[in-house]
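Going by my numbering, the sequence shown opens with residue -19, and the numbers climb by one from there.
Right, one structure below, let's go through it.
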Amino acid sequence: MILGKCPFCSDGNIEARDREVRGKKVKLYACTNASWKSEDGEFYELTKDSTCRFKIWQNTLGKYGKWLSYKEVKELLSDESVEVELVSKKYGKKINYTKWITLNEEYGVSVIWD
Ligand SMILES: [Zn+2]
């Protein structure tokens, strides 16, 4: 399934791939020009024919209780940012945030905290 155009190369598209990391099913949203020798382990080495390295793990914001949906990734790719609900714990209390996230070439996405 194609979710949008790759923001970091000229002819790539972002597709959703089913992966399993430490026994958990997780989507890898990756550029069609990028593939890794192992996409199930913790360390990733690009294959020789990869011309791009852009990817977003669905659970990249997992520590904030956020898993990215297809819809959010689509919006991120078309608008470069999307608003999401994040949760963090402080002194045993749950705190909810509504924050914008943007594309980040290295990490997939980054949160705009201010
Ligand atoms: Zn790309």
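A virtual CB, placed ideally from N, CA and C, is assigned to each residue, including glycine.
{"Asked": "Which word fits V64, buried or exposed, when buried means at least 16 other C-beta atoms lie within 10 angstroms of its C-beta?", "Found": "buried"}
{"Asked": "Considering only the alpha carbon of each residue, which of S68, K(-15), E(-5), A10 lies closest to K46?", "Found": "S68"}
{"Asked": "Please confirm whether W37 and V62 have their CB atoms less than 8 Å apart.", "Found": "no"}
{"Asked": "Given this structure, state the Cα-to-Cα distance separating N(-7) from N39, to the nearest angstrom.", "Found": "20 Å"}
{"Asked": "Can you find a heavy atom of ligand 1 that lies under 7 Å from the Cβ of N84?", "Found": "no"}
{"Asked": "Does DSSP put G(-8) in a helix, in a strand, or in coil?", "Found": "coil"}
{"Asked": "Relative to ligand 1, what is the chain-ordered list of residues with a Cβ closer than 7 Å to any of its non-hydrogen atoms?", "Found": "C(-14), F(-12), C(-11), G(-8), C11, N13, A14, C32, F34"}
{"Asked": "Taking the alpha carbon of Y77 as the point to measure from, which residue in L41, K51, S58, Y50 has its own alpha carbon closest?", "Found": "L41"}
{"Asked": "For L(-17), which option in G88, T82, L57, K73 has the closest C-alpha, if you only look at C-alpha atoms?", "Found": "L57"}
{"Asked": "Between the alpha carbons of M(-19) and S90, how many angstroms are there, rounded?", "Found": "23 Å"}
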